[in-house]
Amino acid sequence: MNFDLILRIGTKLILPFILLFAIYVQFHGEYGPGGGFQAGVIVAAVIILIAITFGLNAAKRVAPRGLVERMVPLGVLIYAGTGIAGLLLGGNYLDYGVLLPEPVSGHLLGIFAVEIGVAVTVSSTMVALFYAFVERGS
Amino acid sequence: MESLINMVLLTLLAATTIAIVGQRSLLGVVILASVYSFLMASVMIVLDAVDVAMTEASVGAAISTVLLLGALHLTKTREEAPRHGRLLPLLLCAAVGAMLVWGTLVLPPFGTPDAVIHQHVVPRYINETVRETGSPNIVTAVLADYRGFDTLGETTVIFIAGIGVMLLLGGLRRRDRAQDSAAEDQR
Amino acid sequence: MEALLALVDHYNFVITIFLMVAGLYVVVARSNMVKKLIGLSIFQTSVYLLYLEPGKIIGGTAPIVDPKFTLYSNPLPHVLILTAIVVGVGTLALGLALVVRIHEAYGTTDDDDIADRNRDE
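Set out below in structure tokens:
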């Protein structure tokens, strides 16, 4: 497969910055615009960009299909598990105040965990959708 | 000024929609839909919905377009000429539209600060969020904390949609299983 | 004149409803399924606008608390629509997957062709 040189080099240059931006959006979500949804979609966009520029096999080396398919339920489990942790510590389901001795830090920790769960599910689902459509065509 | 920018962007949005309805080449429709999403994201920025604008730009303009192109690759890219008359759907849509516009005339005009929507629940979110959750971004706090159940259900919906698409299109897995059962038959 | 002024005041709602009706028209009048799905997306985005437009306050700022600002736009519609967008892409993908399978089974993505074929059989 002979892809365009400028496209390949340009993609390689821009990829780390897109990933860095995704991480920034994920972990800065409480202080600026952003959060799990946006970060998840940006991470998925990185994988899709690799697949478009370098071919599907290169993308599968970065994000193997088995891993992606396991991450889809994992994110929901992280989310639901955060709720259950609240139950075990004596609060209500999805009540983050009891996660840490200090209620405000508990809320911050809960939001953090939940956003991670959302990001994991959204990113892996988007990549899995892309893989499903592309594999059907090849 | 804000309402003027809003009006211009909304007019562009309407023009793009007319182009989408008229376009016969589905490839063109997908590109126009991408343009539509970017315009929608700009409108959302004007409406101060920065989180939503970010999501719309990445989901609507990027992922949706890629998925639509993938689906077009597997199907036809040309829309056939309609066989039925257009008069009845047009009349129906005009009637529905007129009724809805008549219904919205009683709503408060754009940007009024004392509308009913701003009176209930929201002042509490704005005043108490930082003290209760420590998160200055109210949208994130409401999304993940106050309305955590909503987001849990929504994540589950994404999960189910992903499973559904994988089941519908996962041809490779089925072929593996067919080979496996064939191998078992041989044994 | 008064009605015209009211219409200018509610220009955002008029456009929102225009988008809604255009989406409805595509779904009702067009027989190609991919186009129907795009019409459905337009309908969906018009609902986003219907929620977000009333939440805006002129002179307000994005709902991220900062001591420099006192007036914030309404954050509640933002939260509801944020989840709606991501669910929207999920339903779009599911619909497209169904269209692909229908195309494999019938060789067409046109609603009327499939109805014709089912009538012939």
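Protein chains in written order, with our numbering: chain L, 1 to 138; chain B, 139 to 325; chain X, 326 to 446.
Backbone N, C-alpha and C define an ideal beta-carbon position, used for all residues, glycine too.
Best match in the options for proximity to residue i [C-alpha to C-alpha]
| i | options | result |
| --- | --- | --- |
| L74 (chain L) | L:L100, L:F27, L:E135 and L:A113 | L:A113 |
| L28 (chain L) | B:V277, B:E194, B:E292 and B:H258 | The sequence shown places His at residue 28 (chain L), not Leu. Selected option, being the one with the closest Cα: B:V277. |
| G32 (chain L) | X:L423, X:T386 and X:R426 | X:T386 |
| P261 (chain B) | X:L362, X:L330, X:A331 and X:N399 | X:N399 |
| V167 (chain B) | B:T294, B:E217 and B:A253 | B:E217 |
| A191 (chain B) | B:F176, B:I143 and B:I201 | B:F176 |
| K214 (chain B) | X:R426, X:G413 and X:V372 | X:R426 |
| K12 (chain L) | L:Y24, L:Q26 and L:I50 | L:I50 |
| A132 (chain L) | L:Y79, L:V76, L:P64 and L:A119 | L:P64 |
| Y376 (chain X) | X:T433, X:L407 and X:G420 | X:L407 |
| G413 (chain X) | X:G364, X:V339, X:V346 and X:Y336 | X:G364 |
| L332 (chain X) | B:H258, B:P246 and B:I255 | B:P246 |
| E292 (chain B) | X:E429, X:V372, X:A409 and X:V346 | X:A409 |
| V424 (chain X) | X:D334, X:I367, X:V390 and X:S356 | X:S356 |
| L185 (chain B) | B:G249, B:P227 and B:H256 | B:G249 |
| I338 (chain B) | X:A328, X:F368, X:L419 and X:L362 | Any property of residue 338 (chain B) remains undetermined from this structure, which presents chain B solely from 139 to 325. |
Residue j beta carbon less than 9 Å from that of residue i
| i | j | result |
| --- | --- | --- |
| P388 (chain X) | H403 (chain X) | yes |
| I48 (chain L) | A39 (chain L) | no |
| V303 (chain B) | A440 (chain X) | no |
| L344 (chain X) | T370 (chain X) | yes |
| G106 (chain L) | G36 (chain L) | no |
| V181 (chain B) | L374 (chain X) | yes |
| G34 (chain L) | D283 (chain B) | no |
| E140 (chain B) | K381 (chain X) | yes |
| R444 (chain X) | Y431 (chain X) | no |
| T137 (chain B) | S172 (chain B) | Since the first residue shown for chain B is 139 and the last is 325, residue 137 (chain B) is missing from the structure and cannot be characterised. |
| V25 (chain L) | L290 (chain B) | no |
| G308 (chain B) | G415 (chain X) | no |
| V353 (chain X) | L230 (chain B) | yes |
| V268 (chain B) | L349 (chain X) | no |
| I264 (chain B) | V411 (chain X) | no |
| H222 (chain B) | D437 (chain X) | yes |
| I340 (chain X) | L151 (chain B) | yes |
| L401 (chain X) | D288 (chain B) | no |
| E270 (chain B) | V104 (chain L) | yes |
| I337 (chain X) | N144 (chain B) | A small fix is needed here, since residue 337 (chain X) is Asn in this sequence, not Ile. It is a contact, given that the beta carbons lie within the stated cut-off. |
| Y93 (chain L) | G86 (chain L) | yes |
| V46 (chain L) | L67 (chain L) | no |
| A209 (chain B) | V390 (chain X) | no |
Where residue i meets chain B, residues with beta-carbon distance less than 8 Å
| i | result |
| --- | --- |
| M126 (chain L) | I201 |
Within chain L, the residues that residue i reaches when beta carbons sit closer than 7 Å
| i | result |
| --- | --- |
| V239 (chain B) | In chain order: nothing, as chain L lies at least about 33 Å away. |
| A152 (chain B) | The contacting residues do not exist; A152 (chain B) stays about 27 Å from chain L at best. |
| L407 (chain X) | F37 |
| I382 (chain X) | The contacting residues do not exist; I382 (chain X) stays about 18 Å from chain L at best. |
| A418 (chain X) | L129 |
Chain-order list of residues whose beta-carbon lies under 8 Å from that of residue i (same chain, five-residue window excluded)
| i | result |
| --- | --- |
| V41 (chain L) | V122, S123 and M126 |
| S138 (chain L) | L56 |
| T53 (chain L) | F3, L7, R8 and T11 |
| L148 (chain B) | V181 |
| V254 (chain B) | P246 |
Chain-order list of residues whose beta-carbon lies under 7 Å from that of residue i (same chain, five-residue window excluded)
| i | result |
| --- | --- |
| G110 (chain L) | T82, Y96 and L99 |
| G384 (chain X) | L396 |
| L170 (chain B) | T154, A157, I158 and Q161 |
| I183 (chain B) | A191 |
Proximal chain X residues relative to residue i, where beta-carbon distance stays under 7 Å
| i | result |
| --- | --- |
| R136 (chain L) | V425 |
| A209 (chain B) | V359, L421, V424 and V425 |
| I255 (chain B) | P379, G380 and N399 |
Own chain residues within Cβ distance below 6 Å of residue i, not counting five before or after
| i | result |
| --- | --- |
| Y174 (chain B) | T154 |
| G241 (chain B) | none |
| A44 (chain L) | S123, M126 and V127 |
| L206 (chain B) | V168 |
| G286 (chain B) | none |
| P379 (chain X) | none |
| L89 (chain L) | V98 |
Any chain C beta carbon closer than 9 Å to residue i
| i | result |
| --- | --- |
| R355 (chain X) | No chain C is part of this structure, whose protein chains are labelled L, B and X. |
Interface residues of chain L facing residue i [CB-CB closer than 8 Å]
| i | result |
| --- | --- |
| L362 (chain X) | In chain order: nothing, as chain L lies at least about 14 Å away. |
| A430 (chain X) | Those within 8 Å of A430 (chain X) in chain L number zero; the least Cβ separation is about 14 Å. |
| T193 (chain B) | F37, Q38 and V41 |
| A331 (chain X) | Those do not exist, as A331 (chain X) stays about 34 Å from chain L at its closest Cβ, beyond 8 Å. |
| A179 (chain B) | Chain L residues near A179 (chain B): none, gap ~12 Å exceeds 8 Å. |
Chain X contact residues for residue i, given Cβ-Cβ distances below 8 Å
| i | result |
| --- | --- |
| V122 (chain L) | V411 |
| E266 (chain B) | What E266 (chain B) touches in chain X: nothing, since even the nearest Cβ is about 10 Å away. |
Listed by chain order, chain B residues near residue i by CB distance under 7 Å
| i | result |
| --- | --- |
| L99 (chain L) | In chain order: nothing, as chain B lies at least about 12 Å away. |
Closer than 9 Å at the beta carbon, the chain X residues around residue i
| i | result |
| --- | --- |
| G32 (chain L) | I389 |
| I296 (chain B) | V411, V412, V414 and G415 |
Closer than 8 Å: residue i CB and nearest the ligand MG heavy atom
| i | result |
| --- | --- |
| I183 (chain B) | As for the ligand MG, it is missing from this structure, which has no ligand bound. |
Partners in chain L for residue i, counting only beta-carbon separations shorter than 9 Å
| i | result |
| --- | --- |
| M304 (chain B) | E69, V72, A128, L129, Y131 and A132 |
When you compare the region 70 to 87 of chain L with the region 121 to 136 of chain L, are there three or more beta-carbon pairs, one atom per stretch, that lie closer than 8 Å? yes
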